[in-house]
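Listed in order, the protein sequences are those of chains A and B.
Using my numbering, read the first sequence as starting at 15 and increasing by one per residue.
Using my numbering, read the second sequence as starting at 15 and increasing by one per residue.
Note sheet for the following structure.
Number of protein chains: 2
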Amino acid sequence: MPRTVIADNAAPLERAPTEPLVEAIGQRVERMIINGEIPAGGKLNEYALAQQFQVSRTALREAVRTLERSGLVTILPNRGVFVRRVSLKEALDLFDVRAGLARTAGRLIAARATDAQIADLTSLHATMIAAWEARDVSRYYALNQTFHSLLMACSGNERLASLYEMLSNELHLFRRRNLGNSAQLEVSIQDHAKILDGITAHDPGKTERAFERHILMGKQRMLDTLSAQPEE
Amino acid sequence: MPRTVIADNAAPLERAPTEPLVEAIGQRVERMIINGEIPAGGKLNEYALAQQFQVSRTALREAVRTLERSGLVTILPNRGVFVRRVSLKEALDLFDVRAGLARTAGRLIAARATDAQIADLTSLHATMIAAWEARDVSRYYALNQTFHSLLMACSGNERLASLYEMLSNELHLFRRRNLGNSAQLEVSIQDHAKILDGITAHDPGKTERAFERHILMGKQRMLDTLSAQPEE
DNA sequence: AGCGTGTTTTTTATCTGCAATCGCCGCTGA
DNA sequence: TCAGCGGCGATTGCAGATAAAAAACACGCT
Numbered sequence: 015m016p017r018t019v020i021a022d023n024a025a026p027l028e029r030a031p032t033e034p035l036v037e038a039i040g041q042r043v044e045r046m047i048i049n050g051e052i053p054a055g056g057k058l059n060e061y062a063l064a065q066q067f068q069v070s071r072t073a074l075r076e077a078v079r080t081l082e083r084s085g086l087v088t089i090l091p092n093r094g095v096f097v098r099r100v101s102l103k104e105a106l107d108l109f110d111v112r113a114g115l116a117r118t119a120g121r122l123i124a125a126r127a128t129d130a131q132i133a134d135l136t137s138l139h140a141t142m143i144a145a146w147e148a149r150d151v152s153r154y155y156a157l158n159q160t161f162h163s164l165l166m167a168c169s170g171n172e173r174l175a176s177l178y179e180m181l182s183n184e185l186h187l188f189r190r191r192n193l194g195n196s197a198q199l200e201v202s203i204q205d206h207a208k209i210l211d212g213i214t215a216h217d218p219g220k221t222e223r224a225f226e227r228h229i230l231m232g233k234q235r236m237l238d239t240l241s242a243q244p245e246e
Numbered sequence: 015m016p017r018t019v020i021a022d023n024a025a026p027l028e029r030a031p032t033e034p035l036v037e038a039i040g041q042r043v044e045r046m047i048i049n050g051e052i053p054a055g056g057k058l059n060e061y062a063l064a065q066q067f068q069v070s071r072t073a074l075r076e077a078v079r080t081l082e083r084s085g086l087v088t089i090l091p092n093r094g095v096f097v098r099r100v101s102l103k104e105a106l107d108l109f110d111v112r113a114g115l116a117r118t119a120g121r122l123i124a125a126r127a128t129d130a131q132i133a134d135l136t137s138l139h140a141t142m143i144a145a146w147e148a149r150d151v152s153r154y155y156a157l158n159q160t161f162h163s164l165l166m167a168c169s170g171n172e173r174l175a176s177l178y179e180m181l182s183n184e185l186h187l188f189r190r191r192n193l194g195n196s197a198q199l200e201v202s203i204q205d206h207a208k209i210l211d212g213i214t215a216h217d218p219g220k221t222e223r224a225f226e227r228h229i230l231m232g233k234q235r236m237l238d239t240l241s242a243q244p245e246e
């Protein structure tokens with residue numbers, strides 16, 4: 015059963031003096047959730063968190079409300095705020111939506127990406143290959159996020175990018191780190207290469223197929239991992 | 015310049031006693047915005063609105079914060095809350111994302127829709143044809159929303175449906191009612207027929223193309239309308 | 001008149017407090 | 001022993017008060 019969780023690294027929250035308090039809190043809590051400092055299903059105690067951040071409960075409540083819309087927490091009336099649990103069904107759904115967004119993005123990117131952007135992506139891709147060759151999985155993982163984020167930015171459609179990011183965040187709530195062994199990394203790199211090919215050739219059809227496929231392969235990979243270790 | 019707006023129909027807010035106050039306020043304000051009772055760019059005065067609803071500013075603020083995430087309002091620190099203005103570029107972006115979601119949905123619907131759901135859609139489609147023949151545009155408009163919402167529900171992917179709805183709401187902020195003359199209605203009906211054909215045949219490819227195209231035609235229609243009456 | 005500046009007023013940002021609700025725990029009686 | 005039931009502490013829901021910021025205003029100067 016969900017129990018109240020107070021994060022270990024209790025720091026009183028830092029922010030630029032101009033930045034609105036509520037936003038700072040929101041980002042902070044968001045990070046805590048995505049990093050898994052508060053486990054899925056865990057409860058956020060208003061008083062305790064407010065105390066930890068040295069802010070009032072009001073500010074904290076406002077911040078947490080916004081996280082509800084982005085799907086990171088669930089609010090049960092009179093019960094409290096809980097880090098959302100993403101079911102397998104929901105995770106699969108998220109992958110499908112994400113794949114659709116990727117497809118849309120792929121088409122746009124192929125049409126719009128500038129040479130400078132393509133150069134950035136290519137160079138990042140090279141860095142990722144290096145990380146793979148060094149078998150540095152966690153570095154690859156971080157670079158991978160950057161790569162996707164850069165990719166989405168190249169679509170020139172901000173809403174598209176922000177929705178994609180939101181869904182990626184939500185997906186983090188479904189079991190920690192599926193992406194693991196280096197064989198999977200290699201597949202991922204090949205996918206990226208195909209996407210880059212499409213973009214470089216400014217071929218919308220090729221790019222959209224490659225990007226969508228990349229996400230759907232991720233979904234498949236998750237399913238494979240799951241059936242390998244069904245319950246934990 | 016944006017000026018504070020106090021809606022005309024100042025009703026003190028009704029809700030089921032169990033429903034959380036903040037949610038009720040949120041939905042109410044959302045409706046007010048989508049219905050255009052508060053014009054795009056208009057300012058929401060916290061005190062005035064709280065007064066009107068007979069609630070505290072705290073509750074109102076919490077509610078409005080959530081609307082920010084869904085893109086209906088913009089919050090300027092220390093300045094206040096404004097109904098979001100959607101630029102032409104943003105509207106076009108929204109259409110692109112929406113079209114992508116529609117495509118994804120189309121594929122899923124063709125694969126998953128039950129006979130009962132197909133029957134419902136078909137019957138609704140017939141009702142819409144009747145509304146068109148009666149030249150009842152506003153009725154058609156309402157039915158159209160129901161049709162799309164039913165459609166998305168058939169995808170069996172809740173997140174997909176909710177994102178689609180969110181984007182549709184956002185699009186309402188870009189100039190009022192583009193969908194107008196009956197020639198456009200006829201095109202819309204033909205689109206719907208094609209989508210239904212795809213679904214009935216359980217043909218994912220056909221359905222996804224038809225649904226995506228339907229949205230992109232809407233985008234084109236908006237552009238046409240705009241170039242007809244460039245500035246207002 | 002136009003402009004800069006100090007002052008008042010309005011509005012927002014945040015905090016504190018009280019009331020309502022929930023969950024837990026121990027009691028009671030079968 | 002255990003299901004039912006108050007009572008009580010913990011926690012959330014909501015309201016109002018205070019502090020801080022911005023906007024509106026008014027004045028005097030050029």
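Quick reminder that beta carbons are idealized off the backbone N, C-alpha and C, glycines included.
- For Phe-67(B), the enclosing alpha helix (DSSP H) begins and ends at 60-67.
- Looking at Thr-128(B), Glu-82(B) and Ile-123(B), the one whose alpha-carbon comes closest to that of Asn-183(B) is Glu-82(B).
- Residues Leu-187 and Phe-188 of the same chain have their beta carbon placed closer than 6 Å to that of Val-100(B), with the five preceding and five following residues left out of the count.
- A check of alpha carbon separations from Arg-126(B) across Lys-103(B), Asn-171(B) and His-228(B) identifies Asn-171(B) as the nearest.
- A direct Cα-to-Cα measurement between Met-166(A) and Leu-174(A) gives close to 7 Å.
- Distance from the CA atom of Thr-136(B) to the CA atom of Ala-113(A), rounded to whole angstroms, is 29 Å.
- About 5 Å separates the beta carbons of Met-180(A) and Ser-84(A), which is inside the 8 Å limit, making them a contact pair.
- Within the segment 170-206 of chain A, the runs of alpha helix (DSSP H) at least 4 residues long that lie entirely inside it are, in chain order, 172-186.
- Taking a beta-carbon distance threshold of 8 Å, Ser-101(B) does not count as an interface residue toward chain A.
- Annotation for Val-97(B): the continuous beta strand (DSSP E) segment containing it runs 94-97.
- The DSSP-derived three-state label of Ile-52(A) is coil.
- For Val-97(B), there are no neighbours in chain A by C-beta distance under 8 Å, as the nearest C-beta there is about 17 Å away.
- Interface annotation for the segment 66-83 of chain B against chain A: Thr-72, Arg-75, Glu-76, Ala-77, Arg-79, Thr-80, Leu-81, Glu-82 and Arg-83, criterion Cβ-Cβ distance under 9 Å.
- Rounded to whole angstroms, the separation of the alpha carbons of Leu-138(B) and Leu-90(B) is 43 Å.
- Spatial neighbours of Tyr-154(A) in its own chain (CB-CB distance under 7 Å, excluding positions within 5 residues in sequence) are listed in chain order as Met-142, Ala-145, Trp-146 and Leu-199.
- When the alpha-carbon of Ala-62(B) is set against those of Leu-102(B), Leu-74(B) and Ala-215(B), the nearest one is in Leu-74(B).
- The C-beta of Leu-102(A) has fewer than 16 other C-beta atoms within 10 Å across all chains shown, which makes the residue exposed.
- Contact note: Leu-122(A) reaches chain B through Asp-110, using a C-beta cutoff of 9 Å and chain order.
- Ser-163(B) places its beta carbon 8 Å or farther from that of Ala-119(B).
- For Ala-224(B) and Asn-158(B), the gap between their C-alpha atoms comes out near 16 Å.
- With the criterion set as a beta carbon lying under 7 Å from some beta carbon of chain B, the members of the segment 177-207 of chain A are Leu-177, in sequence order.
- Closer than 8 Å to the CB of Asp-211(A) there is not a single CB belonging to chain B.
- DSSP places Thr-221(A) in no beta strand (DSSP E) but in the uninterrupted alpha helix (DSSP H) bounded by 218-242.
- Here DSSP, grouped into helix, strand and coil, assigns Val-43(A) to helix.
- Contact note: Glu-172(B) reaches chain A through Glu-104 and Asp-107, using a C-beta cutoff of 9 Å and chain order.
- Flagged as an interface residue toward chain A: Thr-118(B), by a C-beta distance shorter than 8 Å.
- Taking a contact as a CB-CB distance under 8 Å, the pair Ala-130(B) and Ile-213(B) does not count as one, their CB atoms being some 13 Å apart.
- Less than 8 Å separates the beta-carbon of Phe-109(A) from that of Ile-229(A).
- Around the beta carbon of Gly-219(B), fewer than 16 other beta carbons sit within 10 angstroms, so the residue counts as exposed.
- Judged by DSSP secondary structure, Leu-90(B) falls outside any alpha helix (DSSP H) and instead within the beta strand (DSSP E) spanning 87-90.
- When only Cα atoms are considered, Val-201(B) and Ala-207(A) end up about 41 Å apart.
- Cα atoms of Ala-197(A) and Asn-49(A): separation of roughly 25 Å, rounded to the nearest angstrom.
- Residues of chain B whose Cβ lies closer than 7 Å to the Cβ of Gly-114(A) are, in chain order, Gly-114, Leu-115, Arg-117 and Thr-118.
- Residues of chain B with a Cβ closer than 8 Å to the Cβ of Pro-218(A) do not exist; the shortest Cβ-Cβ separation is about 12 Å.
- Neighbours of Pro-91(A) across chain B, judged by C-beta separation under 7 Å: Pro-34.
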